[in-house]
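Engineer: Quick one: structure below, then a few questions.
In the working numbering, the protein residues as written are 595 to 964.
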C-alpha cells in the first residue's frame, strides 16, 4: 500500500488469502474500477464499471444477471474504505442474493489484513529507528536534547535514570567464541516480554536483544531478566545510569564487547565488572595484537595460564598456587622463569594491570586468528 493506493502485488496476495475459503470468483479493483487482482487472472487490467461506481459513490453496487454487460458479470461490488480513503473495491461474482454476505465477510477480512499490514509496517519503522538510536548512542552522536524525541519515535520516550539490558546467545560467548555476539534463540518471545517492561526502547539487533529503559520500574526490569535467564539467554546489565552521558558510555561499552564475545562471561555480568574487558574490546584488533606482542612475546600457554592465575588472585602468589594446584615454591619457580623470558615481573608495581589487559587481548585475538 503506497499513498492510499493498493499495488497489484499486494492486491493479488490479498485476493489469494481471502478467496481460499469461498467458492466464488473474487476480484479486487483499484479506486478507478480497474481490476488489479483476480482469481481469474485473464480479467486483470479490465475496467469494471460497477466497481468504478462503487468507488465513486462509496456504496455497494449489486449487478444482477439482467444488468450484466461489457464483460461485467453478476455479483456484488463493495468499496474498501480505510481511514476514510477508498483504496479499492472488492468484487464477488455470483447471484447478489447468494454472495452479498460473502462480500461483506471478505471486506471485513481484507480490512483486518490491511490493519495488520499497517501495524507491521509501523513496527518495522520503529524497529529501524531503535536500531539507528542504539548505533547513534554507541557512536556518541546522540545529544541529550534529541534523545527523548528519537526514543519516542522508536516506541518509548527515554528519561533519566536509564538502564540498558542486552540479552545474547550464550553459546557464542567465552573462550573459543568467534564474534560477533548474536541474539538468543528465544529472541522473538523475549522481545514481547521486553516491551511489557513499559517506558523504553526494545529491539532485536544483529548482536543481541536490546532493552533501554528510562524511569521504568525496577521490578519490571528484573522480571524481564528472570524471563531471559529462564530462556537460557546471557544477560549484560548496565545497572542504573544517572545521565545521558552515562547512557552513551554504557551503550558504547556494550556494543564494543558484543563485537568480541570471547571477553563476555557465558553467565552474563554487570557492565561495571567488565571495565577491563570493555577497554580491550574498544582497542581494535591491531592495537590488541601489539599489546600481546609487547607484553607476552615468548611466553608459552602454561606461562600465560600462570600469569592469569596471579591476576585473578589479586596478585597473591599463594592463592594463585592454590588455584593451579601447585606448591608455593613451584609457583615461585614458574614466575622466575617467566621473568627471565619476558624481562619483567608480574609482582612489580603496575605490572599486574598491564598483564591483565594483555591476557584479555590475547584471549580476544585467539578467537580471530586464522
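Each residue gets a CB set at the ideal place from its N, CA and C atoms; glycine is no exception.
Leaving aside the five residues before and after residue 746 along the sequence, list all residues of the same chain whose C-beta is less than 6 Å from its C-beta, in chain order.
Structural biologist: Excluding residues within five positions, none has a Cβ falling inside 6 Å.
Engineer: Helix, strand or coil, according to DSSP, for residue 706 in the structure here?
Structural biologist: Residue state, collapsed to three classes: helix.
Engineer: What separation, rounded to the nearest whole angstrom, lies between the Cα atoms of residue 953 and residue 885?
Structural biologist: Cα to Cα, residue 953 sits roughly 9 Å from residue 885.
Engineer: Below 8 Å on the Cβ atoms is my contact criterion, and I expect residue 672 with residue 684 to pass it. Report the Cβ-Cβ distance as a whole number of Å.
Structural biologist: At roughly 5 Å, the Cβ-Cβ gap stays under 8 Å, so residue 672 and residue 684 are in contact.
Engineer: Check the DSSP bridge columns for residue 623 and list the partner residues they point to.
Structural biologist: The partner list for residue 623 (beta bridge, DSSP) reads 629, 683.
Engineer: Given residue 893, which residues of its chain have a CB within under 8 Å of its CB, disregarding the five upstream and five downstream residues?
Structural biologist: Cβ neighbours of residue 893 beyond the five flanking positions: 901, 932, 935, 936.
Engineer: Can you tell me where the beta strand (DSSP E) holding residue 673 begins and where it ends?
Structural biologist: Counting along the chain, the beta strand (DSSP E) containing residue 673 begins and ends at 669 to 676.
Engineer: In chain order, what are the residue ranges of uninterrupted beta strand (DSSP E) at least 3 long that sit wholly in the region 767 to 816?
Structural biologist: Taking only runs of at least 3 residues, the beta strand (DSSP E) segments lying wholly in the region 767 to 816 are 794 to 799, 802 to 808.
Engineer: Check whether the Cβ atoms of residue 631 and residue 616 sit closer than 7 Å, and answer yes or no.
Structural biologist: For residue 631 and residue 616, no; Cβs fall outside 7 Å.
Engineer: Which word fits residue 806, buried or exposed, when buried means at least 16 other C-beta atoms lie within 10 angstroms of its C-beta?
Structural biologist: Looking at its Cβ environment, which holds 16 or more other Cβ atoms inside 10 Å, residue 806 is buried.
Engineer: Measuring straight from C-alpha to C-alpha, what distance separates residue 887 and residue 862?
Structural biologist: Their Cα atoms are separated by approximately 29 Å.
Engineer: Which residues in the same chain as residue 690 place their Cβ atom closer than 8 Å to its Cβ, once the five residues preceding and following it in sequence are excluded?
Structural biologist: Cβ within range, chain order: 656, 657, 658, 668, 669, 670.
Engineer: For residue 836, count neighbouring Cβ atoms within 10 angstroms of its own Cβ and tell me buried if that reaches 16, exposed if not.
Structural biologist: Looking at its Cβ environment, which holds fewer than 16 other Cβ atoms inside 10 Å, residue 836 is exposed.
Engineer: Is the number of C-beta pairs between the region 749 to 767 and the region 838 to 848 that are closer than 8 Å three or more?
Structural biologist: Yes: at least three Cβ pairs fall under 8 Å.
Engineer: Does the beta-carbon of residue 682 have 16 or more other beta-carbons within 10 angstroms, so that it is buried, or is it exposed?
Structural biologist: Buried is the call here.
Engineer: Going by beta carbon distance, what residues of the same chain come within less than 6 Å of residue 654, once the five residues before and after it are set aside?
Structural biologist: Around residue 654: 672.
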